[in-house]
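The structure under discussion appears below in the form of structure tokens.
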Amino acid sequence: SMDDTDLRVREPTSTRSIGPTNASIGGVDISRTVIGFRKKRHDTSEILGVEYVDLPPREFDTEAVWWTVPPAIVEEVRKRELDVAGGLHAFEHAAIGLLPLFALCDRWDIGGLSTPKHPDTGEATIFIYDGHPGGVGIAERGFEMLRDLWEATYQLLLECPCEEGCPSCIQSPKCGNNNEPLDKEAAKLILERLLVDAAEEREATPTA
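The sequence shown begins at 1144 in the numbering used here and counts up one residue at a time.
And the structure:
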């Protein structure tokens, strides 16, 4: 299906810094509207056409984990002539694909949204939300393990041999935007910048 998702932050219940950015967890309001369906051939998955529908939105409150990508990193992505929205979207998909390894859930239990500027944060932001109304602890686990999730996501993008992105790394079977835009190189750069600073911060923190 093709869908349009609107996400509004109610309030962060907790925020912490990871490297150069902040990650938050809190309540969000989701409004998801299915706007159409793609007709595919069963044997080849070739898209034969699109049928648009007029359905009411599905609205629910749930819990999300989100993090912003600082303007300096966004600017570097642009200077390298990579796609900011595609990089955020690829990062979101790859992280959602790996979160079940950390949160004991199914990829279909999780939703995501990424945007170069979200009205509630004022910055480039990636959200991963619990697909169950009220939440069942998936976002919470993601918040606790976020740096580990980023590291696993970065490793996946480095090790996947595809050039532009494939179903094993950044393409999602449930993407409402037909897996567009996606930019694997931009996602790698964003992760590299977040993790380099996060690693420095970790080394600088004295351990008891």
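Glycine residues also receive a C-beta, built at the ideal position from the N, C-alpha and C atoms.
Remember, it's a predicted structure, so these values are computed and weren't measured experimentally.
Integer-rounded CB distance, given that residue j should sit under 8 Å from residue i
{"i": "Arg1175", "j": "Pro1200", "result": "6 Å"}
{"i": "Leu1256", "j": "Leu1150", "result": "5 Å"}
Spatial distance of residue i from residue j (CA atoms)
{"i": "Ala1351", "j": "Ile1161", "result": "With a pLDDT of 49 at Ala1351, under the threshold of 50, the predicted position of this residue should be treated as unreliable, and no value is reported."}
{"i": "Phe1180", "j": "Thr1148", "result": "15 Å"}
{"i": "Pro1155", "j": "Ile1271", "result": "14 Å"}
{"i": "Glu1224", "j": "Phe1234", "result": "17 Å"}
{"i": "Lys1260", "j": "Val1220", "result": "15 Å"}
{"i": "Val1193", "j": "Lys1183", "result": "9 Å"}
{"i": "Glu1206", "j": "Ile1173", "result": "10 Å"}
{"i": "Asp1146", "j": "Arg1336", "result": "31 Å"}
{"i": "Gly1278", "j": "Ser1157", "result": "16 Å"}
{"i": "Glu1202", "j": "Val1339", "result": "38 Å"}
{"i": "Gly1170", "j": "Asn1321", "result": "27 Å"}
{"i": "Ile1168", "j": "Ile1269", "result": "12 Å"}
{"i": "Gly1280", "j": "Cys1248", "result": "10 Å"}
{"i": "Gln1298", "j": "Cys1312", "result": "10 Å"}
{"i": "Asp1186", "j": "Ala1166", "result": "42 Å"}
{"i": "Pro1324", "j": "Lys1222", "result": "18 Å"}
C-beta atoms of residue i and residue j nearer than 9 Å
{"i": "Leu1241", "j": "Thr1164", "result": "no"}
{"i": "Ala1330", "j": "Gly1265", "result": "no"}
{"i": "Ile1178", "j": "Leu1198", "result": "yes"}
{"i": "Arg1153", "j": "Asp1204", "result": "yes"}
{"i": "Ala1282", "j": "Val1208", "result": "yes"}
8 Å Cβ shell around residue i - same chain, five flanking residues per side excluded
{"i": "Pro1310", "result": "Pro1316"}
{"i": "Ile1333", "result": "Val1212, Ile1216, Val1220, Gly1230, Leu1231, Phe1234"}
{"i": "Leu1292", "result": "Ala1238, Leu1241, Leu1242, Phe1245, Gly1285"}
{"i": "Pro1276", "result": "Phe1203, Asp1204, Thr1205"}
{"i": "Glu1294", "result": "Leu1338"}
Cβ neighbours of residue i in the same chain (closer than 7 Å, five flanking residues each side left out)
{"i": "Arg1250", "result": "Ile1239, Gly1240, Pro1243"}
{"i": "Asp1326", "result": "Leu1225, Asp1226, Gly1229, Gly1230, Ala1233"}
{"i": "Pro1304", "result": "none"}
{"i": "Glu1307", "result": "Lys1327"}
{"i": "Glu1218", "result": "none"}
{"i": "Tyr1195", "result": "Ile1178, Gly1179"}
{"i": "Glu1189", "result": "Lys1183"}
Spatial neighbours of residue i in its chain, beta-carbon cut-off 6 Å, leaving aside the 5 residues before and after
{"i": "Gly1274", "result": "Asp1252, Ile1253, Gly1254"}
{"i": "Met1288", "result": "Phe1245"}
{"i": "His1236", "result": "Ile1313, Ser1315"}
- Would you call the region 1202–1214 and the region 1316–1326 in contact, with 3 or more CB pairs under 8 Å? No contact exists between the region 1202–1214 and the region 1316–1326.
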